Structures are given as structure tokens and as C-alpha cells.
Amino acid sequence: MGLRTKIGIAIAGTAAVVSVVIGLLVHHRTVEAQYASARSQARDRLQTAVQDHAAGIDGDRTLIDPPDLPRPLADAVRRGKWGSYLDWSGKVPQMWAASVYRDEVVALKRPYEREAETVRDLDRVLWISGAIGTALACVAGLLVATRLGRRLTASADTAQRIADGDLTARLPLRGQDEITRLTAAVNTMADALAGRLRAEREVTANIAHELRTPVAGMVTAAGLLPPGRPAELVRESAARLRELVDDVIEVARLDGAGEEVRVEVCGVGEVVRRAVAGVRAVSGGAEAGGAGGAPGGVRVEVVRDASVETDPRRVERIVVNLVSNALRHGRAPVVVEVDGVVVRVRDAGDGFPEGLLVGGPQRFRTGAEGTGLGLGLTIAVGQAKVLGAGLRFANPDGGGALAELDLTGAVVRADPPDRP
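Quick note on the numbering used here: the sequence shown kicks off at 1 and runs consecutively.
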């Protein structure tokens, strides 16, 4: 149940309770006033009837020792008191008044139908007015709740946009109520978060750029070392360090939101084969046995090829990162399947960590076994976002990890390729 519905129900319920309470009070006070007026009139007429009876003159409405006198009134009269009684036992209510004169009971009665009809009309008016008031309160409550709900929804949507990475999202400030304070707090939080992330990204990018030159010199120097196992270790470490610096620079560039897509027509299968062929195996480079020039342990399967109009360099970069991640953190065999504009990369490892499936890849966050910095998948997600493609991660029932790249959103044309 949404907040607007809860506010509307609360206002409608309050209006209904107020209407019932006011109706009961008006009903009770009206009944009391009518009864007091009728009782006063009955007492005056009874005094006149007793005086006339003492003078030997009885009116048409004067009753002497009536047999149908109500028992409560008869008991009061026997104790020497005068009284009145409202009898509701018959079809028509009767107002009785009686007193004793010597040994005789002098009584009067008259129909109480007019007063009862007045009360019924009043109750009917109270019910109608209460229903109209409750309906109007419902409408007013829904209007107020809708207005408040829209403002709260806008605040929630803006907060979600900020959480999704749109640090320019802000809300206009209107009024001086609590929701305005909440809006101001969201805007302040967005400003602080944007400033902090901007500073962190600038520091990261600057450090990466500063490291690029010495790392390049380190790679060049490592290439001059004499052959041997120590030289191989140094060259591998230098190459890994250069790859890491390049990844950090690419992440910083993707964060800058200044990337341009260079569109051209290409075959999905061809791009995938080229990307897989360029992947370096984690332990010792490419080996024979892979399909389509793939490194050992990686197999390319083209179920259905398609030609698309997109940026092939970015698609290739995404596939390279997905296959490299599968080789580094999963287990062979790694299968890369091309099904039209959908590319699936699946390994036989233990699957993606639960945190990655819930919140997506996070940079500088290690995997399930404490390895990796999360840059490869982060770059893949960033490149897919630039292309407008979809990239999802899952752990299928058969085991392993599955990354699925859907180029539907990035495709201008999806026709069968001219050549296999």
C-alpha cells in the first residue's frame, strides 16, 4: 500500500469518525431537548387537568384511573409523585403524564410521533451530510496525498538517479515544509557525493597518468634483460602493471562521460572471433586447440550470425574483458556463443559472487577469493552503457558464470552477414 493511499485512508477515516461523533452529539442533544420540552408541556397541562378535575370538570383528554397506564409511571404516582413517561411499546409512541388527586389517578397522553419523525429526519440529514463530508474529505485527502506523494516520489527518483551515477540530478525547492527540508538534504547529499567522487576520480586518473611513463620505461627495460626465468617474471609483472594502469585510465575516461561512438557495419561473429583470438591466456599465452584462433580453453560457437551497425572496437573490448575475466577467475572450458545480436560468455567455474549479481561489478573490490580489482567487468559495463547495450551477469543452473551482452539497444541494423 502506497503512501498516498495510506494518507487518503487516514483522512477519510478521520472524517468519518468526526462525522459519526458529531452526529451522535447532535442526535442526543436534540432528543433531550425534545423530551424536555414535551415533559414541560405535559406537566403544565396535567396541572390544569388536575385543577379542572378538582372542580368537577374533566376535559376530553383527561383520563381517570386509565387501565393502560405504564407500570413505571403508575408506581411513581402511587408514591404520591407526578411523573411523565415515554412509551415506545406501541406502533405510535405515546407521551404520558400522571398525578394523583385524592384516591384517583389523573393522567394525560398524547402521540409522540411528531417528535420521533423530527428525529428521524434529523438522523437522515446527519447521515447524508456525514457521507458528503466524508466523500469531500476523501477527495481532499487524495489531492493532498497525491501532491505529497508526487514530491516524495520525485525525491526518491532523484536519489535513485544519483545512486545510478547521475550526479547532476537535483530537485527544485518549493515551500518550507518537511518535504522541502528532505529535498534540500538530498540536493546537499548529491553535491557532497559528486564533489567527493570527482576528487577521487581526478586523483585516480592523475596517478594513473603519472604512472604511465615510468611503467612504459619499466616495460622497455624489462625487454632488455637477458633471457631467463627472472627476466620473464619481471616482464610479466611489468606488463600486468601496464595493463592495470591502462585499465584505470580507461575507467577514468568512462567516468568523464565524454566518450564518442564510432559507428560502422560489422559482423558480430567476426568481432567476437577477433576479440577471443587477441585474449592472452593467464598461464603461458595461447595454445592450439581453440576454435577460430581462440586461446586454449576458449571455444567460439556461432549459432546465428548477424551484421550490426555499432562501434566494433568497444564490442571487442567488452568481449575481451569478459573472456579474460572468465579465464582468470573461472575454469575452462570457456564458451563464447554468438546468437544473432546476443553474445554469451560462460565458464565452468564457481560462478559470480552474490554481491556482484545484486549490485553489479564494483571497481577496486576483490572477488570471492580475494583476487582482482573489479576493473575488467567495470570497464565492460561502462562500454556497454556507452553503446546503449545490455550486459547482465548470472549463475545458471548448470553451474559456472554467465555474462550476456545484448546489442539490441545498440543495433541500427541486424541483417544476416554478407559472408560467413
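Every residue, glycine too, gets a C-beta built ideally from N, C-alpha and C.
Being a predicted model, the structure only gives us computed values, none of them experimental.
Should M95 go down as buried or exposed, given a rule of 16 or more other Cβ atoms within 10 Å for buried?
buried
Compute the Euclidean distance between the alpha carbons of V20 and A10, then round it to the nearest angstrom.
15 Å
Starting from the C-beta of G130, find all residues in its chain whose C-beta is less than 6 Å away, skip the five residues before and the five after it, and write them out in chain order.
S19 and G23
Would you report the Cα separation of D311 and Q176, rounded to the nearest angstrom?
49 Å
E404 by DSSP, collapsed to three states: which one?
strand
Could you pull out every residue in the same chain whose Cβ sits closer than 6 Å to the Cβ of Q383, ignoring the five residues on either side in sequence?
R314, R317 and I318
Cβ atoms of V106 and T62: under 8 Å apart, would you say?
yes
Applying the criterion that 16 or more other CB atoms from any shown protein chain within 10 Å of the CB defines a buried residue, is S99 buried or exposed?
buried
Please state whether DSSP places A484 in a helix, a strand or coil.
The question about residue 484 has no answer here: the residues shown for the chain are numbered 1 through 420.
Mapping the DSSP letters down to three states, classify P72 as helix, strand or coil.
helix
Using the Cβ count rule (16 or more neighbours within 10 Å means buried), how would you classify D347?
buried
According to the Cβ coordinates, are A156 and G8 closer than 8 Å?
no
Report buried or exposed for V186, applying the criterion of at least 16 other Cβ atoms within 10 angstroms of its Cβ.
buried
Short check: CB of A394 to CB of L402, under 8 Å?
yes
Rounded to a whole number of angstroms, what is the C-alpha to C-alpha distance between E236 and G228?
12 Å
For D58, I'd like the list of residues in its chain whose CB is within less than 6 Å of its CB, leaving aside the five on either flank, ordered along the chain.
none
If you reduce the DSSP assignment to three classes, tell me which class G372 lands in.
The predicted model places G372 with a pLDDT of 49, which falls under 50 and marks its position as unreliable, so this point remains unresolved.
What do you reckon, are the CB atoms on G360 and V336 nearer than 8 Å?
no
Opposite K109 in the DSSP bridges: which residues?
W96
Going by DSSP, what residue range makes up the alpha helix (DSSP H) through V335?
Premise fails: V335 lies in the beta strand (DSSP E), V334 to D339, not in any alpha helix (DSSP H).
Quick one: what's got a C-beta closer than 6 Å to V261's C-beta in the same chain, skipping five residues either side?
D311
What's the C-alpha gap between T180 and L197?
25 Å
7 Å Cβ shell around V320 - same chain, five flanking residues per side excluded
A275, G278 and V279
Coil, strand or helix - E104 by DSSP:
strand
Nearest-angstrom Cα distance between W82 and A12?
49 Å
Would you mind working out which of W127, V17 and R114 sits nearest Y35, comparing C-alpha positions?
R114
Counting Cβ pairs closer than 8 Å, one from the stretch 62-82 and one from the stretch 118-135, do we hit at least three?
no
Within 8 Å, strictly: CB atoms of P111 and V92
yes
CB of A190 within 8 Å of CB of R174, strictly
no
For Y101, is the classification buried or exposed, using 16 other Cβ atoms within 10 angstroms of its Cβ as the cut-off for buried?
exposed
Using 10 angstroms around the beta-carbon of A306, count the other beta-carbons present and answer buried if the total reaches 16, otherwise exposed.
buried
In this structure, does DSSP put A394 in helix, strand or coil?
strand
Assigned exposure category for L405 - 16 Cβ within 10 Å defines buried:
buried
Within 10 Å of its beta-carbon, does V323 have 16 or more other beta-carbons around it, so buried, or fewer, so exposed?
buried
Could you pull the DSSP bridge partners for Y35 from this structure?
Paired residues: none, contrary to the question.
Who pairs with I64 in a beta bridge, going by DSSP?
V106
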